[in-house]
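Reading the sequence shown from the start, the letters are residues 1 to 192 in my numbering.
Reviewing the structure listed below.
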Amino acid sequence: MVVKNIAILFSGSGSNLQAILEQVHGKVFKGVRINVALLICNNPDAKGIKRAKKFGLDTVVIDHRDYPTREKFDQALVYEIKKHDIDLSVLAGFMRILTPVFTDNIKAINLHPSLLPLFKGANAIDESYNSDMKVGGVSIHWVSSELDAGEIIAQKSFPRKNRSKEQWERKIHKIEHKLLPKTIIKLLAKGK
Ligand code: GRF
Numbered sequence: 001m002v003v004k005n006i007a008i009l010f011s012g013s014g015s016n017l018q019a020i021l022e023q024v025h026g027k028v029f030k031g032v033r034i035n036v037a038l039l040i041c042n043n044p045d046a047k048g049i050k051r052a053k054k055f056g057l058d059t060v061v062i063d064h065r066d067y068p069t070r071e072k073f074d075q076a077l078v079y080e081i082k083k084h085d086i087d088l089s090v091l092a093g094f095m096r097i098l099t100p101v102f103t104d105n106i107k108a109i110n111l112h113p114s115l116l117p118l119f120k121g122a123n124a125i126d127e128s129y130n131s132d133m134k135v136g137g138v139s140i141h142w143v144s145s146e147l148d149a150g151e152i153i154a155q156k157s158f159p160r161k162n163r164s165k166e167q168w169e170r171k172i173h174k175i176e177h178k179l180l181p182k183t184i185i186k187l188l189a190k191g192k
C-alpha cells in the first residue's frame, strides 16, 4: 500500500484541521493511505491543539515569538517538516507570513477564505463581505514566496443572497471543510 504523509500547520481554532482528521487521516483513497504525520502550531493556546488531542495526535508548538526574525522561525518550521517524511504540507489557518526560507524548501498548499486573486491577506472574510461582489468563495493554492498568490488549485463560490456577516462566514467555513479535504485527496491519490 502506498502511504502519503501530510503535515498540517495551524494557528487557532483548527476547524479545518478537524475536517482533515475526520475525512482524510488514516483513510485509503485509490490505494493510497493518507496519514497526518505531523501537526505544527505557532500558538501554544490554540484550540486546534485540543481538537488534535481528541484524535490522539500531539502538536509540535513552534512559537514565532521565540524567534528573532521570520527567517529563523521559518528555519525551525522547515527543520521540523524535513525531520519527517512529509509528502505535502497543508496550511490550514496558519496565520504567519512565510519567507523564501520556507517557500523555497517546502511543498505546501494554503487555504484562503476568498476567491483569489481578490481579497488577499488576513481580512479576506470581512473585505469580501463588504465588497460589491455578488458571490463569495474559498480558494486553495500552492504556497509561493508571494502572499496568497501561488497557483490556484481549487475554488468554490457561493451566491451572496441576503446573508448576514455571520451567515457569510459560516458558509465560507462550511465550504472550506469540504474543499480542503477533497483537494488533499485529489493531489495525493491522483492517478493511483
Ligand atoms: C479559515 O477561514 C482559513 O481560510 C483562514 O483561517 C481560517 C482558519 O479556521 N486562513 P480554522 O482554524 O481552521 O477553524
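Think of the CB as a built atom: it goes at the ideal place given N, C-alpha and C, for glycine as much as any other residue.
Per-residue DSSP class, three states only, for residue i
i, result
"L115", "coil"
"F55", "coil"
"P68", "coil"
"A46", "coil"
"N107", "According to the sequence shown, residue 107 is Lys rather than Asn. Reduced to three states, the DSSP call for K107 is coil."
"K120", "coil"
"K134", "coil"
"N16", "helix"
"A149", "coil"
"I81", "helix"
"K192", "Confidence in K192 is poor, its pLDDT being 43 and thus under 50, which makes the residue's placement too unreliable to answer from."
Among the options, the one whose alpha carbon lies nearest that of residue i
i, options, result
"A154", "H141, A108, Y79", "H141"
"V36", "S157, V60, H64", "V60"
"K203", "E151, D104, I34", "Missing from the structure shown is residue 203; the chain here goes from 1 to 192 and no further."
"E146", "A124, P117, A52", "P117"
"L57", "S131, E127, I8", "I8"
"E71", "H25, N110, T103, V32", "T103"
"G137", "P100, L98, K178", "K178"
"D66", "V32, E169, N130, N42", "N42"
"G93", "S157, L188, L39", "L39"
"D132", "K161, T69, I106, I175", "K161"
"N130", "V90, R163, F73", "R163"
"E166", "L180, I125, E22, I6", "I125"
Residue i, enclosing alpha helix (DSSP H) - first and last residue
i, result
"H173", "165-188"
"V143", "No alpha helix (DSSP H) contains V143, which DSSP labels as neither H nor E."
"A124", "124-129"
"T103", "100-103"
DSSP bridge partner residues for residue i (one or two, in chain order)
i, result
"K27", "I34"
"L9", "I40, L91"
"S139", "H112, Q155"
"V60", "I40"
"K4", "I34"
Residue range of the unbroken beta strand (DSSP E) whose run includes residue i
i, result
"S157", "152-159"
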